[in-house]
Every structure is written in structure tokens, then in C-alpha cells.
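To start, the structure under review is shown below, and the notes come after it.
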Amino acid sequence: MPPDVLLSVRGLTKRYEGLVALQGVDFDVARGEIFGIIGPNGAGKTTLFSCLTGAVRPTAGEIRLHGERIDGLPPWKIVERGLVRTHQIVRPFREMTVEENVLVGAHFGSVRHRGAEARRAAREVLERAGLYGRERALAGTLTIGESKRLEIARALATRPRVLCLDEVMGGLNPSEIREAMTAVRAIRDAGVTVLLIEHHVHAVIGLSDRVLVLDFGRRIAEGTPSAVVRAPEVVRAYLGLEIDAR
Amino acid sequence: MRGLPRLARILAAGAAALVLLSLAPRFLERGALNDIWNLAFAVVLASSWNLLGGFAGQVSIGYSAFLGIGAYTTALLALAGWEPYLTLPVGAALAAAFSVAVGLPAFRLRGPYFTIATIGVSEAVRVFAAGVQFTGGSSGLRMPAGSFDFGTNYLAMTALAVFVVGLSAWIKGSAFGLALAAIRQDIDAAEAVGVPATRYKLAAHALSAALVAAAGSLFAINFQYIAPGSVFDFRLSLSIVLMPIVGGVGTVAGPVLGAALWSTLQIKMLSIPALRDSYLFLYGGLLIVVMLFEPKGLVGLVKRLVRAAGAGRPREARRAA
């Protein structure tokens with residue numbers, strides 16, 4: 012078990028009628044880690060995020076952030092405690108400007124900024140996301156790459172301790188993926204622990220300190236990226252094909 | 280003006296409007312003052328509804344319930360010996376409490392389901408008011424005989440209207456207003472960045488309910504007689520929704536424009552017996568036109584015209600401007 016555990020999940024189970032999305036999943040994430048979560052389609056990755064962020068109530072199990080139970084809390088209270096997510100399909104407030112989108116996060120995060128202080132915090136996040144200069148644009152008019160950066164900027168504006176990134180690299184081209192990887196490292200280096208769901212296995216392997224592999228809602232492997240990709244269960248889960256280092 | 284902080288600008292504009300409106304009785308006939316009273320009444324209803332229905336996007340067609348609660352509270356307490364104007368806070372508080380009781384279950388519903396629930400609740404309130412003894416049943420209540428002063432009521436209603444519009448302008452630019460806009464656009468995304476959506480919907484609902492109830496109290500004092508058919512009327516609930524939508528939903532000016540149009544139409548139509556009930560028909564037609572051609576209402580139309588005028592001007596003139 013890693014030292015200095017920030018997020019701890021025990022026996023996390025989510026059952027829908029006739030379907031088990033998550034079955035007794037255990038894992039710990041240390042402060043300052045980049046923690047990758049991979050698995051084939053339908054493995055339960057997004058359900059896991061939904062349970063962590065309170066969008067979905069787990070059927071059983073415990074989620075602790077900094078030792079405090081957060082399972083069963085409404086989403087906004089979990090954000091207040093310092094855990095925030097982005098969405099796989101970006102969900103900007105389209106009729107607001109880029110700055111206003113980020114201001115929502117700055118006003119209602121774990122640190123409640125007000126007035127000029129909120130605008131300063133928003134500006135700082137926009138600069139880090141490379142969106143400064145676009146702050147007056149309506150969020151509905153952004154390109155897909157900009158929208159993804161806005162999704163992350165809005166989440167960062169809440170001053171999270173843990174940031175859950177859901178497929179941020181989907182739909183990006185190789186050079187954009189390299190930029191995104193640099194950005195994720197920069198977020199971690201700024202003191203935010205990162206959970207990463209990614210279809211793009213190579214990006215996860217390249218970024219993560221440790222990786223959790225889910226299949227049919229169960230944990231089938233956990234460890235360093237190089238150990239995990241060689242685990243026989245993982246190779247089998249991925250259709251028996253070896254994960255090649257493209 | 281531009282250099283001043285937002286709050287100072289709103290207060291200055293509000294003070295100017297109050298001075299003008301309080302000077303009006305010196306220059307205008309009673310008939311014209313009555314028209315202004317009607318306009319102010321409509322502005323309070325439309326702008327208050329807009330706090331929840333426009334800013335937060337939660338369309339309720341049950342606001343006559345709050346108007347009725349204010350009116351009945353005032354009439355009942357006045358009959359018990361209260362000074363009528365002192366009953367306003369009581370009616371407002373009761374309406375706010377009722378809005379929370381309704382909102383707690385109703386805000387679990389989304390979109391049209393929420394709207395339908397509000398219709399059901401307000402109709403239930405009307406049937407209740409008509410059916411029980413202490414409200415005077417369907418024959419209603421008459422305020423105690425006493426000296427009624429239109430001048431006082433006029434000042435109170437216009438001041439309330441100015442207050443509601445000023446409050447709307449302030450909320451629109453505040454963190455609260457930003458949160459309501461986030462709720463309207465994507466409630467799940469709003470909660471996912473920390474907006475306590477249910478709490479804020481309840482707060483907007485309670486605030487607008489209290490303001491509408493205050494207008495109901497002033498309505499009871501002005502007309503000295505209320506009945507379920509007048510203050511709990513479903514057509515009134517409908518009008519409260521129509522005004523901001525025709526004017527420009529979710530804006531500060533829209534409900535005021537919609538209220539001006541509605542109060543004018545209503546006065547003109549009521550004076551022609553054959554058209555007495557058709558102002559809603561006309562307004563409904565207008566609603567369809569607005570939704571089809573300019574969903575942002577009169578405010579959107581004005582903006583579009585201004586842009587078109589700007590684009591039509593010769594290049595030199597634009598550069599000079």
C-alpha cells in the first residue's frame with residue numbers, strides 16, 4: 012500500500028437491475044500520484060468515477076477522501092471536500108463565456124472565492140489552460156480541443172485535491188495528446204492528485220505512477236504500468252492481444 | 280456611470296425611478312396612475328417569476344398560489360384587526376415557506392414534469408381556498424371597512440416593482456445568478472463543479488414566492504375584496520409565465536417589457552366587453568410567434584434590430600462611431 016493515502020476505496024460495488032457494474036473494487040491513491048484506470052469497454056470505469064463524485068450512489072462499499080467518508084454525499088459536497096471530475100463528453104455552460112464557466116468553479120469549489128478574488132483565480136486557471144485571450148468567447152463556440160481544456164480549467168478552478176479526468180484525450184490527434192500529457196503532469200506538479208480514465212492505453216502507461224485495471228466491474232490487476240501490461244489477466248482482457256508500444 | 284461599481288449603478292437607477300414614480304401623482308390623473316399601478320403589479324409578477332423561471336430555467340405555472348397566499352393573509356389578518364401594510368412580511372414569509380414545502384418534492388422532477396407538478400399544486404390551493412370556511416369559500420373576503428388611500432398603495436406597489444427589477448439586475452451579475460444560469464444550462468455539470476443546485480433552486484423559488492405574495496397583499500388592499508376566482512386564477516398563473524417569455528426570458532429588461540405589453544393589452548381588452556376574455560388568446564398567439572421566430576423575446580428582437588441598423592450604416596459612419 013502506498014504511503015500517505017489521500018483517496019481510499021474499499022469493497023466498492025454498484026449493481027443495477029440484473030447488472031453488476033462494479034464488484035468489490037479496492038484501491039488506494041497516494042497524494043501526488045497520477046493514478047491510471049484502464050479496462051475494456053463496459054469494465055466499469057465511468058461508473059467508478061460516477062460513484063467517486065456522487066453522481067451515482069454505490070450499492071455497497073466505502074470511499075474515503077483524506078480519511079473522511081464521502082460516499083453518499085451529493086456531488087457539490089464532494090467538490091467542496093476537494094474531489095472533482097471532468098466529463099468524457101464535455102459539458103460546458105454553452106451560453107456563458109469561457110471566463111464565466113471558470114468563475115462557476117471558482118465561486119463554488121473547495122475554496123469559495125468572491126468578487127475580484129474569484130476573477131483573479133479564474134484568470135490564473137485560464138492562463139494555465141492556455142485559454143487566456145479566449146475568455147470572452149462563448150463556450151458554445153469553442154473548438155473541441157479548447158472545450159476539453161475548458162472542461163479541465165473549470166474543474167481546476169474549484170481548487171481540487173483530487174482531479175478525475177474522464178477520457179480527456181479521446182478525439183485528440185497525436186501532437187495534441189503529447190500536449191495533454193504534459194498538461195496532466197503540470198497539474199500533478201502543481202500539487203493535485205490525478206485519477207485518469209483513458210481509452211488511449213499508451214497515454215495512461217506513459218503518464219501513470221500506478222495503474223488499476225478493471226474488467227467486468229472487478230479489479231484484475233494493479234501496479235506499476237510496466238508490471239500491469241505484462242499481467243496475464245490484463246493481456247487476456249484485452250482480447251488476448253499484447254499491448255504493443257506504438 | 281460606467282466607472283461606478285455595479286451595485287452603485289443599480290441603486291442610482293433605482294433611486295431615479297423611485298423619484299420619478301413618486302412625483303407622478305402630482306402631474307397625472309387617477310386613471311393614468313391606475314395604469315401605472317397595473318404595470319407595476321405586472322412587473323413584480325413577471326420579474327419575480329423570472330428569478331426562478333428565467334434565471335434558473337425552472338418553469339412553474341403555479342405562481343397564482345403565492346399571489347393568493349399573500350392576498351388572503353392580508354385580508355384575514357386585517358379582519359383580525361391588523362394594520363394592512365404590516366401583514367406584508369407575514370404573507371411573504373408564508374408564501375416562501377409554502378414554496379419550500381412544494382419545492383422539496385417538486386424539484387426532484389425535471390423539465391415538463393416539474394411544470395406539471397406546479398399546475399397541480401396551485402389548482403389544489405385554489406380548490407382548498409374555495410372549499411374551506413375561514414377563507415370565505417368561493418364568495419371570498421372583503422377587507423374591513425376603513426379609510427383606503429390609493430396614494431399609499433400606489434407608492435408601495437411602484438416601490439416594490441423598482442425593488443424587484445433592481446434585485447434582478449443585482450442577482451444576474453452575482454455568484455448566485457451565475458449559479459442559477461449554470462443550473463439552467465446543465466444542472467448535472469453545475470453540481471459537478473460544486474453548485475448546490477437544489478438549495479439554490481429552493482432559494483430562488485422562495486425569494487420569488489415572497490415577492491409575488493407581497494404584490495398579492497397590495498392587490499388585496501387596493502381592491503378591498505378578494506376571491507379564489509380572482510387571486511388563485513389559473514389564467515393569472517399563465518399570464519405570469521407569458522409576460523417574461525414574450526419580453527425575453529432570463530433577462531432583466533424582458534419581464535418589464537412583457538409586463539408593459541400585457542398590462543396595456545389587458546386594460547384595452549377589458550374595456551371592450553366582447554373581448555373581455557380574449558386578451559389571453561391574443562397573448563397565447565403572441566407566445567407562439569415569439570417561440571417560433573424570436574425565442575429571446577422582445578429583448579432579442581431589439582438586439583437584432585440594433586445589430587441590423589449597425590450593419591446597415593455606411594462604413595465611414597461605423598468607423599466614426
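Chains A and B, in that order, are what the protein sequence lines are. Just so we're aligned, residue 12 is where the first sequence starts under our numbering, counting upward by one. Just so we're aligned, residue 280 is where the second sequence starts under our numbering, counting upward by one. Glycine residues also receive a C-beta, built at the ideal position from the N, C-alpha and C atoms. Bear in mind the structure is a predicted one, so any value in this text is a computation, not a measurement.
{"Check": "Proximity test, Cβ basis, 8 angstroms: R281/B and chain A", "Outcome": "The pLDDT assigned to R281/B is 49, lower than 50, so where the model puts this residue is not dependable; a value taken from the coordinates is nonetheless given after this. No, no contact with chain A."}
{"Check": "Y392/B classed as buried or exposed, judged by whether at least 16 other C-beta atoms fall within 10 angstroms", "Outcome": "exposed"}
{"Check": "CB contact flag (G217/A, A166/A, <8 angstroms)", "Outcome": "no"}
{"Check": "Residue range of the unbroken alpha helix (DSSP H) whose run includes Y27/A", "Outcome": "That residue, Y27/A, is in no alpha helix (DSSP H); its beta strand (DSSP E) goes 16-27."}
{"Check": "Within-8 angstroms CB hit, A599/B to chain A", "Outcome": "Bear in mind that the predicted position of A599/B carries a pLDDT of just 45, short of 50, making it unreliable; the figure below should be weighed with that in mind. With 8 angstroms as the cut-off, A599/B does not count as an interface residue toward chain A."}
{"Check": "Span separating the alpha-carbon of V245/A from that of I466/B", "Outcome": "37 angstroms"}
{"Check": "Buried or exposed by the 16-neighbour rule on C-beta atoms within 10 Å, applied to Y504/B", "Outcome": "exposed"}
{"Check": "Contact list for the region 160-174 of chain A against chain B, Cβ threshold 7 angstroms", "Outcome": "R165, A166, T169"}
{"Check": "Contact check, R68/A vs A471/B, beta carbons under 8 angstroms", "Outcome": "no"}
{"Check": "Beta-carbon contacts of L161/A that lie in its chain and below 8 angstroms, excluding the five residues immediately before and after", "Outcome": "V101, P103, V109, N112, V113, A140, L142, A150, L153"}
{"Check": "Chain B contact residues for T64/A, given Cβ-Cβ distances below 8 angstroms", "Outcome": "A471"}
{"Check": "Partners in chain A for D512/B, counting only beta-carbon separations shorter than 7 angstroms", "Outcome": "Residues of chain A passing the Cβ test: none, with the nearest at roughly 34 angstroms."}
{"Check": "A532/B and A335/B closer than 8 angstroms at C-beta", "Outcome": "no"}
{"Check": "Where M641/B falls, given that 16 or more other Cβ within 10 Å makes a residue buried", "Outcome": "Residue coverage of chain B in this structure runs from 280 to 600, which leaves residue 641/B outside it and unanswerable."}
{"Check": "Within the region 137-168 of chain A, ranges of the alpha helix (DSSP H) (whole runs, at least 4 residues)", "Outcome": "155-167"}
{"Check": "Strand pairing of R230/A, partner residues [DSSP]", "Outcome": "L225/A"}
{"Check": "Rounded straight-line distance, which links the Cα of K451/B to that of L346/B", "Outcome": "24 angstroms"}
{"Check": "Outcome for I49/A when other beta-carbon atoms lying within 10 angstroms are tallied against a minimum of 16", "Outcome": "buried"}
{"Check": "G78/A to S19/A span [Cα, whole Å]", "Outcome": "8 angstroms"}
{"Check": "Contacting residues, own chain, Cβ-Cβ under 8 angstroms from R597/B (five flanking each side not counted)", "Outcome": "Bear in mind that the predicted position of R597/B carries a pLDDT of just 45, short of 50, making it too unreliable to give a figure here."}
{"Check": "The alpha helix (DSSP H) enclosing D177/A, as first and last residue numbers", "Outcome": "Element bounds for D177/A: not the alpha helix (DSSP H) but the beta strand (DSSP E), 173-177."}
{"Check": "Other residues of its chain near P85/A: CB distance less than 6 angstroms, five sequence neighbours each side excluded", "Outcome": "G65"}
{"Check": "CB of I315/B within 8 angstroms of CB of A448/B, strictly", "Outcome": "no"}
{"Check": "Length of the line joining the Cα atoms of L223/A and K25/A", "Outcome": "17 angstroms"}
{"Check": "Cβ-based burial, T193/A [other Cβ within 10 Å; buried from 16]", "Outcome": "exposed"}
{"Check": "For P185/A, the nearest candidate out of S61/A, H211/A, R196/A (CA to CA)", "Outcome": "H211/A"}
{"Check": "Contact list for the region 441-468 of chain B against chain A, Cβ threshold 8 angstroms", "Outcome": "A454, L457, A458, A460, A461, Q464, D465, D467, A468"}
{"Check": "Residue-level contact to chain A via CB, V232/B, 8 angstroms cutoff", "Outcome": "In the structure as shown, chain B starts at 280 and stops at 600, and residue 232/B therefore has no counterpart that could be examined."}
{"Check": "Listed by chain order, chain B residues near R105/A by CB distance under 7 angstroms", "Outcome": "Q464"}
{"Check": "Three-state secondary structure (DSSP) of L540/B", "Outcome": "helix"}
{"Check": "Partners in chain B for V67/A, counting only beta-carbon separations shorter than 7 angstroms", "Outcome": "The premise fails here: V67/A is roughly 11 angstroms from chain B at the closest Cβ pair, so nothing lies under 7 angstroms."}
{"Check": "Interfacial residues, the region 107-133 of chain A to chain B, with Cβ spacing under 8 angstroms", "Outcome": "M107, E111, L114, V115, G116, H118, F119, G120, S121, R125, A129"}
{"Check": "Status (buried if at least 16 other CB within 10 Å, exposed otherwise) for K56/A", "Outcome": "buried"}
{"Check": "Closest Cα partner of S339/B within the set G410/B, V400/B, L446/B", "Outcome": "V400/B"}
{"Check": "Inter-residue spacing [alpha-carbon to alpha-carbon] between R409/B and E402/B", "Outcome": "Checking the sequence, you will find Ala at residue 409/B rather than Arg. Those two C-alpha atoms are separated by around 11 angstroms."}
{"Check": "Separation of A291/B from M280/B, as counted between CA atoms", "Outcome": "The predicted position of M280/B is uncertain, since its pLDDT is 46 and thus under 50; no value can be drawn from it."}
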